[in-house]
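Residue numbers (the working numbering): 3 to 830.
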């Protein structure tokens, strides 16, 4: 059959289209290195040492399938299932070759910057070697290779291995195949527990072979790993560490150097997959007078946008209140494309939902008393009482923890770099020798985080923020009985005393107790051993609560030297001392009519510390001088501040907590005008910075999620707003509040404040994390950044960098923001 010219032309066009389609499909199904320097095709990303935090299961080779990180930390490790303080390598030069589709990284053991030094020192064994981890993308597969510069010492053969960690939360109840033999990923860690050749305990391998298929047949979870050279082991890392992951491992054989490890990794993908639209709103809701907006997070390839609607839910139907049928893109941020839907003009109270296409947000309320109950209250009703040290804490039938740490504390050894960042120099800086019991510090204070220590800055900042809360809002909430004589706390049992003042008192008792006993501030109080530090459970079991007598005349029980008593550390740190003095000065005002004697002690200590740090730079004394002036009206403190006006103007953000209050109390018109002009210029810069992302906050996480920093930003701005309301509006203050309450990046839109809002973090890194539980009112750091561009907030109780609670600003900044929202919007 002959084709006409027209038919031939059409035929050639069809062939061309088919060829282009096939070529495009081939390109889409081949992993290529993108601008962020990781391998990518739609639905699949493979990172190679883009991140740097292996201690937190972030680093090495990582795979993100269908928007979720499923495996991570692919690297050479010295143990089958390393823990937090296990040695990690030093990462050297990273070479990315887009033409060859390869990424290569040089690494070595030990990391001299961490070996028995630094903030969290690690003990490295006597093993030194250099190696390279290389990857090459071949179609949709990753070829992984490990090269050593020299063979391992003979005693390390078959001990050093390449580990790839599988996130357990994605795979509980799923199955695997190892060389056609099946098994299950158990919810809990199961034995048998065995002893290896070196006498170390570990779980027996779940399986071993040459080909592993994880979650076979489940596209979003399936991952294949093949090795023709090295045996593959599948291990449950929770056998040694509660926070362990499932681990795939191959060890290096004796004498091996080139291609000592060689794997083929075959991830799953779907080139037609697109990230499901995520609608982000405050999980609590909004006041009618509040700036209100929702953020819609979309796949970056999205080109056509669907309509966005604000829908009011009534008894009988759903009513569209506002609609945007042709929304404009806000733009790209991280790995997503964003829309922003503003509905600030809607003031009608009721129950609402945001709809984008066929996707819905969580329901939320708009009402004038939205912040009156169930928002900041859980922090003062639950979290602060539960964290109280040197007390027994009950809640009706439940005991949160028994009377704890009554044997505090022994003087820390000198020349000690503690594993959790405490450093004792060559002197105790006190009259006490190392090992001697220091009286007067087994009272007050809060467990700083999930590890039970008492850092002086966490104690004092909590005291400070609570003092400012009471000064600003005069809130008399009384839900808790706190008895310092009997050392008992009863949650939801009013005792006729304001809880906020009782909590301020509790923190001050610890700080002043240490100051009076030591003749200086303590740096911190913490357990001496890792076995104690990793305690998951009741803090009263950490020590025996029995004190050690320093001499026979001491009325304390004369017992043998205990090994479980906590240590108290001291330091010479002018910045920290002046910061605590600032906080004590404010506490003296709050406690003036509640505990007069303690109030006087706070002010005396604050003034002594300020005077003793006469050589400190002016820039670190200004905040303290301001709070001391507000407490004493001593003109010398004001004079010091006036003399340093240029420093204040040049670093305005450092003094945001005190400036507005000081200016209101000052009659120096020249100084006040200078500060107001600086505030005006500084706020203009802040407005511009908030345009960097659709949330209107400074989202720049480092290791931990950015929630605490964003709360702090909001609080600093709040105090500037309160001091200069005609210059600084409150919009960005409450953007920070919305962020921590759910309007933040990533597929998990939970409120960072446990138990607050319709969806919140109810699996978090508190002292009860082993129960996959939470403490109401605890404020987590929130969504972390898996570098370079994946926001992540997993449901997992052991991610301190995502869901840990801490004292200090982490707890009280949220209280300030939520209480300010209620009082300001309701014109209290």
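C-beta: ideal position from N, C-alpha, C; glycine also.
Keep in mind it's a predicted model, so treat the numbers as computed, not measured.
Item                                                                                                        : Value
Rounded straight-line distance, which links the Cα of residue 109 to that of residue 810                    : 37 Å
Residue 516 - DSSP class collapsed to helix/strand/coil                                                     : helix
Cβ-based neighbour list, residue 591, same chain, cut-off 6 Å, excluding 5 preceding and 5 following        : 633
Residue 839 and residue 721 closer than 8 Å at C-beta                                                       : Residue 839 is absent from the model: the chain starts at 3 and stops at 830.
For residue 439: DSSP bridge partner residues                                                               : 412
The segment 301-314 in contact with the segment 330-339 per 3-pair CB rule at 8 Å                           : yes
Residue 411 and residue 568 closer than 8 Å at C-beta                                                       : yes
Cβ separation of residue 786 and residue 794, assumed to be a contact under 8 Å, to the nearest whole Å     : 6 Å
Euclidean distance between Cα positions of residue 552 and residue 440                                      : Below a pLDDT of 50, predicted positions are generally treated as unreliable, and residue 552, at 49, falls in that range; the measurement from the model is reported next regardless. So the alpha carbons of these two residues sit roughly 9 Å apart.
Reference residue 43; option with closest CA among 431, 420, 139                                            : 139
8 Å contact criterion, which residue 351 and residue 370 should meet: CB distance rounded                   : 7 Å
Given residue 68 as reference, the closest of 603, 112, 212, 223 once Cα atoms are compared                 : 223
Helix, strand or coil at residue 95 [DSSP, three-state]                                                     : strand
At least three beta-carbon pairs within less than 8 Å, the segment 679-689 to the segment 635-646           : no
The alpha helix (DSSP H) enclosing residue 634, as first and last residue numbers                           : 624-634
Beta bridge counterpart(s) of residue 522 as assigned by DSSP                                               : For residue 522, which the question treats as bridged, DSSP gives no partner whatsoever.
Helix, strand or coil at residue 154 [DSSP, three-state]                                                    : coil
Under the three-state DSSP convention, the category residue 816 falls into                                  : helix
Status (buried if at least 16 other CB within 10 Å, exposed otherwise) for residue 330                      : exposed
Spatial distance of residue 226 from residue 135 (CA atoms)                                                 : 19 Å
Residue 392 versus residue 514 - alpha carbon distance                                                      : 15 Å
Rounded straight-line distance, which links the Cα of residue 34 to that of residue 153                     : 33 Å
Cβ distance (whole Å) where residue 582 is taken to contact residue 458 below 8 Å                           : 6 Å
Exposure label - residue 727; buried when at least 16 CB within 10 Å                                        : exposed
Residue 596 vs residue 503 beta-carbon contact at 8 Å                                                       : yes
Residues near residue 81 in its chain [Cβ-Cβ closer than 7 Å; skip 5 each side]                             : 88
Rounded straight-line distance, which links the Cα of residue 206 to that of residue 194                    : 6 Å
For residue 357, the first and last residue of its enclosing beta strand (DSSP E)                           : 352-358
Residue nearest to residue 703 in terms of C-alpha spacing, selected from 788, 94, 454, 716                 : 788
Residue 786, enclosing beta strand (DSSP E) - first and last residue                                        : 786-788
Cβ neighbours of residue 433 in the same chain (closer than 8 Å, five flanking residues each side left out) : 521
Contact set for residue 315: own chain, Cβ-Cβ below 6 Å, skip 5 residues either direction                   : 353
Buried/exposed call for residue 174, threshold 16 Cβ in 10 Å                                                : exposed
Burial state of residue 261 (16 or more Cβ within 10 Å)                                                     : exposed
Alpha carbon of residue 737 to alpha carbon of residue 584, nearest angstrom                                : 28 Å
Residues that DSSP places opposite residue 110 in a beta bridge                                             : 92, 132
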